[in-house]
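Colleague: Would you mind keeping the following structure in view while I ask a few things?
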Amino acid sequence: MGKLKSVAARDRRLMRRAARRRLAQITQSQCLSQRECPLFTKLPNELRNMIYEYVLAQHDDPSRPIPWTRHRWRFAHEHRTFADISLLATCRRIYMEAHPISIRGATYHIALNSIGGSSYGWDHPLFHISSQLGKHLYHLHAFLTDMEDPLAMEKLLLPHAHWRRITWSGIHYGNPLTYLDAARKQIIALRLPSSCEEVNLEVPTIHYLLAPTEDAPFVHAQQYQLMDTYLTRTDGKTLSVDRSSLRLYNCQQSRLNGHLYNLVLRVTWRTASHQREYLHCDRLDCLRASLSNDEFQHEVSTFVASFDRKLSQ
1 MGKLKSVAAR DRRLMRRAAR RRLAQITQSQ CLSQRECPLF TKLPNELRNM IYEYVLAQHD
61 DPSRPIPWTR HRWRFAHEHR TFADISLLAT CRRIYMEAHP ISIRGATYHI ALNSIGGSSY
121 GWDHPLFHIS SQLGKHLYHL HAFLTDMEDP LAMEKLLLPH AHWRRITWSG IHYGNPLTYL
181 DAARKQIIAL RLPSSCEEVN LEVPTIHYLL APTEDAPFVH AQQYQLMDTY LTRTDGKTLS
241 VDRSSLRLYN CQQSRLNGHL YNLVLRVTWR TASHQREYLH CDRLDCLRAS LSNDEFQHEV
301 STFVASFDRK LSQ
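With the first letter of the sequence shown counted as 1, position 141 gets the number 141 in UniProt numbering; the numbers rise by one all the way through.
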């Protein structure tokens with residue numbers, strides 16, 4: 001019985017692969033035999049692309065709130081995301097023109113080291129995405145609990161996944177010194193895809209900035225080292241810290257026993273490319289966060305100013 005199931009599963013995989021190849025081979029000449037809307041086909045390409053971006057955009061689904069058991073994995077997220085791709089079934093021409101746009105603005109949320117299983121040996125649809133679609137991938141948002149795992153960040157940097165934007169959000173309850181040091185070492189060691197234009201790291205240990213303890217000087221030192229790093233792509237180009245994009249915000253982390261809030265520092269590395277080149281299809285704005293009050297904003301300004309003074313010494 002098990003052998004029959006494995007054969008059937010293999011046949012299904014082959015059928016799906018053949019279907020993807022047929023879809024990828026659609027050309028403009030094959031679209032002429034289908035009935036098309038004369039008005040839509042007369043529109044300029046730029047206007048048609050704007051329509052595609054609006055219709056196929058990923059957005060929040062208010063009817064599906066994130067349950068408390070998973071809420072802690074998504075900083076500043078209240079609802080699951082949804083994208084209506086029924087437009088792609090209209091005709092071959094629309095599919096050919098629009099299917100990359102549905103991927104260029106999509107954010108993929110993945111939780112590593114999550115409760116209920118090891119991060120090794122698990123499966124995810126992204127591992128099976130074709131190389132044709134992989135070149136259009138936009139944003140990977142991964143949530144990590146174990147920064148001391150030497151492969152925590154590297155697991156999702158697959159050779160066929162050409163991400164333009166990557167975000168690592170840490171979930172941590174232990175010693176911030178250990179966590180920050182592990183995060184810095186991991187992110188420096190990464191070899192990012194040559195397509196990557198932006199990397200974000202969210203560190204949930206910033207309450208030490210607002211409530212100093214005996215470890216506060218060491219935490220500050222680790223944060224300074226994190227801010228002074230450069231990330232490297234496989235083509236040799238580097239990403240540097242964009243201090244104007246530094247964010248400090250509070251978020252609801254869990255709803256198990258009432259409301260638990262945490263403070264999160266987001267550090268962003270970017271290339272010299274203009275953000276418009278890779279953000280124009282993103283309607284969801286996954287990294288939005290209700291920024292905290294003036295007191296927190298003052299702490300961010302103080303932190304950046306102290307970092308700049310340190311660099312000038």
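C-beta atoms are modelled at their ideal positions from N, C-alpha and C, and glycine is treated no differently.
With the cut-off set at 7 Å, would you say ALA189 and TRP168 are in Cβ contact?
Modeller: Going by C-beta atoms, ALA189 is not nearer than 7 Å to TRP168.
Colleague: Are the beta-carbon atoms of ILE101 and GLU53 separated by less than 7 Å?
Modeller: In contact: ILE101 and GLU53 (Cβ atoms closer than 7 Å).
Colleague: Rounded to a whole number of angstroms, what is the C-alpha to C-alpha distance between GLN275 and PRO62?
Modeller: When rounded, the distance between both Cα atoms is 28 Å.
Colleague: Mapping DSSP to helix, strand and coil, what is THR41?
Modeller: Helix.
Colleague: So PRO193 is in the beta strand (DSSP E); what residue range does that whole segment cover?
Modeller: From DSSP, PRO193 is part of no beta strand (DSSP E); its letter is neither H nor E.
Colleague: By the three-class DSSP mapping on this structure, what secondary structure does PRO62 have?
Modeller: Strand, per DSSP.
Colleague: In the DSSP assignment, find the beta strand (DSSP E) that holds SER169 and state where it starts and stops.
Modeller: It spans 165-170 - the beta strand (DSSP E) in which SER169 sits, taken as one unbroken run.
Colleague: Rank ARG64, THR90, LEU158 and ARG184 by C-alpha distance to the C-alpha of VAL55 and give the top, closest one.
Modeller: Closest option to VAL55, Cα to Cα, is THR90.
Colleague: When the Cβ atoms of the segment 267-274 are set against those of the segment 232-251, are three or more pairs found closer than 8 Å?
Modeller: The segment 267-274 is in contact with the segment 232-251.
Colleague: If you follow the beta strand (DSSP E) that ARG288 is in, where does it begin and where does it stop?
Modeller: Run containing ARG288: none; DSSP gives neither H nor E here.
Colleague: With C-beta atoms as the reference, is ASP282 less than 7 Å away from GLY134?
Modeller: The answer is no: Cβ separation not under 7 Å.
Colleague: In angstroms, rounded to a whole number, what distance separates the CA positions of LEU88 and LEU23?
Modeller: About 11 Å.
Colleague: Buried or exposed for ALA9, going by 16 or more other Cβ atoms inside 10 Å?
Modeller: Answer is exposed; the Cβ neighbour count stays below 16.
Colleague: Check for me: the beta strand (DSSP E) holding HIS109 runs from which residue to which?
Modeller: Taken as a continuous stretch (DSSP letters only), the beta strand (DSSP E) holding HIS109 covers 107-111.
Colleague: Just to confirm the assignment, what range does the beta strand (DSSP E) spanning ALA79 have?
Modeller: First, the residue type needs correcting, since residue 79 is His and not Ala in the sequence shown. Counting along the chain, the beta strand (DSSP E) containing HIS79 begins and ends at 79-82.
Colleague: DSSP three-state call for ARG157: helix, strand or coil?
Modeller: According to the sequence provided, residue 157 is Leu. The question's Arg does not apply to it. Three-state DSSP puts LEU157 in coil, outside helix and strand.
Colleague: Going straight from the alpha carbon of ARG288 to that of ARG247, what length do you get?
Modeller: Looking at the two C-alpha atoms, the distance is approximately 10 Å.
Colleague: Considering just the uninterrupted stretch of the beta strand (DSSP E) at LEU144, what are its terminal residues?
Modeller: Counting along the chain, the beta strand (DSSP E) containing LEU144 begins and ends at 139-144.
Colleague: Span of the alpha helix (DSSP H) holding residue 345?
Modeller: Examination of residue 345 is not possible in this model, given that the chain is present from 1 through 313 alone.
Colleague: Along the chain, where does the alpha helix (DSSP H) that runs through LEU231 open and close?
Modeller: Premise fails: LEU231 lies in the beta strand (DSSP E), 230-233, not in any alpha helix (DSSP H).
Colleague: Put LEU151 into one of helix, strand or coil per three-state DSSP.
Modeller: Looking at LEU151 - three-state DSSP - the assignment turns out to be coil, as it is neither helix nor strand.
Colleague: Roughly how many whole angstroms lie between the Cα atoms of LEU192 and THR27?
Modeller: Spanning the two alpha carbons is a distance of roughly 32 Å.
Colleague: How many Å lie between ALA156 and GLU202 at the Cα?
Modeller: Note that residue 156 corresponds to Leu in the displayed sequence, not to Ala. In a straight line, the C-alpha of LEU156 is about 17 Å away from that of GLU202.
Colleague: Just to confirm the assignment, what range does the alpha helix (DSSP H) spanning ILE273 have?
Modeller: First, the residue type needs correcting, since residue 273 is Ser and not Ile in the sequence shown. From DSSP, SER273 is part of no alpha helix (DSSP H); its letter is neither H nor E.
Colleague: Which two residues bound the contiguous alpha helix (DSSP H) that contains SER245?
Modeller: It is not in any alpha helix (DSSP H) - SER245 carries neither H nor E in the DSSP assignment.
Colleague: Around the C-beta of GLY116, are 16 or more other C-beta atoms found within 10 angstroms, so that it is buried, or is it exposed?
Modeller: Since pLDDT at GLY116 reaches only 39, below the 50 mark, its modelled position is unreliable, and the value read off the structure follows with that caveat. GLY116 should be labelled exposed.
Colleague: Quick test of your reading: ARG20 and SER131, contact by CB under 8 Å. State the CB separation rounded to the nearest angstrom.
Modeller: Incorrect: roughly 10 Å between the Cβ atoms, too far for contact.
Colleague: Please go through the same chain and pick out, in chain order, the residues whose beta-carbon is closer than 8 Å to the beta-carbon of ASN40, but skip the five residues on each side of it.
Modeller: Asn is not the amino acid found at residue 40; the sequence shown has Phe there. The answer, listed in chain order, is ARG48.
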